[in-house]
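Quick notes on the structure that follows.
Numbering (this note's numbering), first residue to last: 2 to 224.
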């Protein structure tokens, strides 16, 4: 399986993501620049964390009009798995692949540290290695990670089991304690916590590894 790690000016999680995929998961991963035009030949697409374009205008706004965006949308339409983490989640909302927005944290401060999550949906291609309602720990690092959506959107997300991860101790003020959501088709996942930084016990947790293993298992099964 071959992953594309899309790199924007200001990306900071690209090397962590590539390490998780190449050295721990054992799959291929290539960097793809923001000014590229194709994602042909890749089986999965990852938008890593960071501060694309310095978070000017708003987080993910400038990245959302980069040259590579049409190829990302085409990959989504082709049902390829697309994972956006941190700033990647922000970009996915900017380009309309996921609903809602990420706004400034409740306390208007950057927060960084371990977050305890509940796996709300263990039945999709990103989470089938987890148990339903399992408690996991993943690191967070964001200043604009409070998930917001209107009441109708939140109701739709809940009714269709599209809330994938929730915080047990909501650190940023996200609506419905949301830490990650999935698209209607189930192939686009956005999340603020960083699974790529929790793939080895040496770093304190390997709870993130099973997310990548889930993607690989689903791809092998041809689902």
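Even glycine gets a Cβ: it sits at the ideal position worked out from N, Cα and C.
Worksheet item: Any idea what DSSP makes of residue 107, helix, strand or coil?
Response: Residue 107: coil per DSSP, three-state reduction.
Practice prompt. Under the assumption that residue 169 contacts residue 117 (Cβ atoms under 8 Å), give the Cβ distance between them as a whole number of angstroms.
Written response: Going by Cβ atoms, the distance from residue 169 to residue 117 rounds to 4 Å, so yes, they are a contact pair.
Worksheet item: If you draw a straight line from the alpha carbon of residue 46 to that of residue 217, how long is it in whole angstroms?
Response: Answer to the nearest angstrom: the Cα atoms are 12 Å apart.
Discussion item. Can you find the residues in the same chain that come closer than 7 Å, C-beta to C-beta, to residue 107, ignoring five residues on each side of it along the sequence?
Written reply: For residue 107, where only same-chain residues beyond five positions count, the Cβ hits under 7 Å are 147, 173, 174.
Discussion item. Under 8 Å, with one C-beta from each stretch per pair, do the stretch 20 to 30 and the stretch 61 to 69 reach the 3-pair mark?
Written reply: Not touching, per the Cβ criterion.
Practice prompt. Would you mind stating whether residue 98 and residue 73 have Cβ atoms separated by less than 9 Å?
Written response: A Cβ-Cβ contact shorter than 9 Å links residue 98 with residue 73.
Practice prompt. From the DSSP output, in three-state form, read off residue 27 for me.
Written response: The answer is coil: DSSP assigns residue 27 none of H, G, I, E or B.
Item to complete: To the nearest angstrom, report how far apart residue 115 and residue 56 are at their CA atoms.
Response: So the two alpha carbons sit approximately 23 Å from each other.
Fill in: Residue closest to residue 145, alpha-carbon to alpha-carbon, out of 130, 164, 96, 109
Of 130, 164, 96, 109, the smallest CA-CA separation from residue 145 is found for 109.
Worksheet item: Are residue 102 and residue 150 close, meaning C-beta to C-beta below 9 Å?
Response: Yes. Within cutoff.
Item to complete: For residue 49, write down the residues that DSSP places opposite it in a beta bridge.
Response: DSSP links residue 49 through a beta bridge to no other residue.
Worksheet item: Going along the chain, which residues of its own chain have a beta-carbon closer than 7 Å to the beta-carbon of residue 21, five neighbours each way excluded?
Response: So the list reads 197, 200, 213, once near-sequence residues are dropped.
Worksheet item: How is residue 143 classed by DSSP in three states: helix, strand or coil?
Response: Strand at residue 143.
Worksheet entry | Endpoints, the beta strand (DSSP E) within which residue 190 is located | Start and end: 189 to 192.
Worksheet item: What three-state label does DSSP hand residue 80 in the structure shown?
Response: Note: residue 80 maps to coil in three-state DSSP.
Worksheet item: With which residues is residue 118 paired in a DSSP beta bridge?
Response: Partner(s): 137, 168.
Worksheet item: Taking just the CA atoms, how far does residue 13 sit from residue 161?
Response: Put simply, the backbone Cα of residue 161 is about 33 Å away from that of residue 13.
Worksheet item: Beta-carbon separation of residue 104 and residue 189 under 9 Å?
Response: For residue 104 and residue 189, no; Cβs fall outside 9 Å.
Discussion item. When you compare the CB positions of residue 88 and residue 48, do they come within less than 9 Å of one another, or not?
Written reply: Residue 48 is positioned such that its CB atom lies closer than 9 Å to that of residue 88.
Fill in: Under the three-state DSSP convention, the category residue 12 falls into
Three-state result, residue 12: strand.
Item to complete: Identify whether residue 199 lies in helix, strand or coil by the three-state DSSP scheme.
Response: Coil, per DSSP.
Discussion item. Let me confirm a value: residue 223 is counted as buried when at least 16 other C-beta atoms fall within 10 Å, else exposed. Which label applies?
Written reply: It counts as exposed.
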